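Note that this note's numbering has the sequence shown beginning at -8, numbered continuously upward. First comes the structure, then the notes that go with it.
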Amino acid sequence: RATGIELALSTDALAFGAVCVGSRRTRRLNLENSGDVATTFAWENPSPLFEVSPARGVARPGCEVAIDVTFRPDAVDDDVRVDDVRCVLENHAPLALSCAGACVPQPEESKQTLAFESAARKPCTKAVSVTNPTHKPWFVAPTLRHDDRNDEEARGYEHFSAATELEIPREGSAQLDITYLPLTTPGPHRAELFVALPDGSAQSFRLEGTAGPP
């Protein structure tokens, strides 16, 4: 029977593979306490590209704590590596974790262009489909980036809108509605809708809108 403080990670290395720039991938490991004393833990992470959750907590005796590590690369790099992500433990030597992955450009086939035409202040909605080929449901957070740099009058307005959360069932797809509501004429109004997917891939939609008189 184990006595005292006995802690270990289920693995000391995580490989994330290739992840699209701006997307993410999560791997899970366990912090195992085989001793008979509860111990606090806190992660010291030298890189913002790898996010550890929970960052701190208590490992109770005879139990495991599930730890999720998410790789969120922000620039193309074929070798992203951090060798000293440390789990600092109460009354125990720190445990070290190595994380490695690669950041690749988003493939052109995952980019689409959608054209909208509408009268000023009249909404126009189009739907796109996002597919989940895995065996687990996905929860994604689409993000919109507006680009009206070529339209001084339109600058500061947000002509496009979309849901900020989307649930995609396992081995299924979900519809994402995008609405164009031009507040100025004639445009063009431009934006990009980016959807980071949990498998490390991504979809993006270049939105182009033209507005007529009300």
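Cβ atoms here follow ideal geometry from the backbone N, Cα and C, with glycine treated the same way. Please read all numbers here as calculations on a predicted model, not as lab measurements.
With a contact defined as Cβ atoms closer than 8 Å, Asn82 and Thr2 miss out at about 23 Å. DSSP, reduced to helix, strand and coil, places Ser38 outside both helices and strands of the structure shown, so it counts as coil. For Pro204, the closest alpha carbon among the candidates Ser195, Arg197, Gly178, Ala187 is that of Gly178. The secondary-structure analysis by DSSP pairs Gly163 across a beta bridge with Asn123. Bridge partners of Glu108 according to DSSP: Thr201.
Ala202 and Leu174 have their C-alpha atoms spaced approximately 8 Å apart. Taking a C-beta distance under 8 Å as the contact criterion, Ala132 and Glu149 do not qualify as a contact pair.
Cys90 and Ser14 have their C-alpha atoms roughly 17 Å apart. In this structure the region 47 to 58 touches the region 18 to 27; the number of beta carbon pairs closer than 8 Å is three or more. The continuous stretches of beta strand (DSSP E) do not include Ser1, and DSSP gives it neither H nor E. Excluding the 5 residues flanking it on each side, Ala6 has same chain C-beta neighbours closer than 6 Å at Ala91, in chain order.
Taking a cut-off of 8 Å on C-beta distances, the region 33 to 44 does not touch the region 108 to 124, as fewer than three cross pairs fall below it. Rounded to whole angstroms, the gap between the alpha carbons of Thr134 and Leu184 is 6 Å.
Collapsing the DSSP output to three states places Ser192 in coil.
Residue pairing of Glu55 in beta bridges, as defined by DSSP: Glu23. For Glu183, the three-state secondary structure derived from DSSP is strand. Listed in chain order, the non-local C-beta contacts of Ile159 below 7 Å within the same chain comprise Val121, Asn123, Pro128, Trp129, Val131, Ala165, local neighbours out to five positions each way being set aside. Judged by DSSP secondary structure, Thr134 falls within the beta strand (DSSP E) whose first and last residues are 134 to 138.
Excluding sequence positions up to five before and after Arg77, its CB lies within less than 6 Å of the CB of Glu35, Pro85, Ala87, all in the same chain and listed in chain order. Residue burial annotation: Ser195 is buried, with at least 16 other C-beta atoms found within 10 angstroms of its C-beta.
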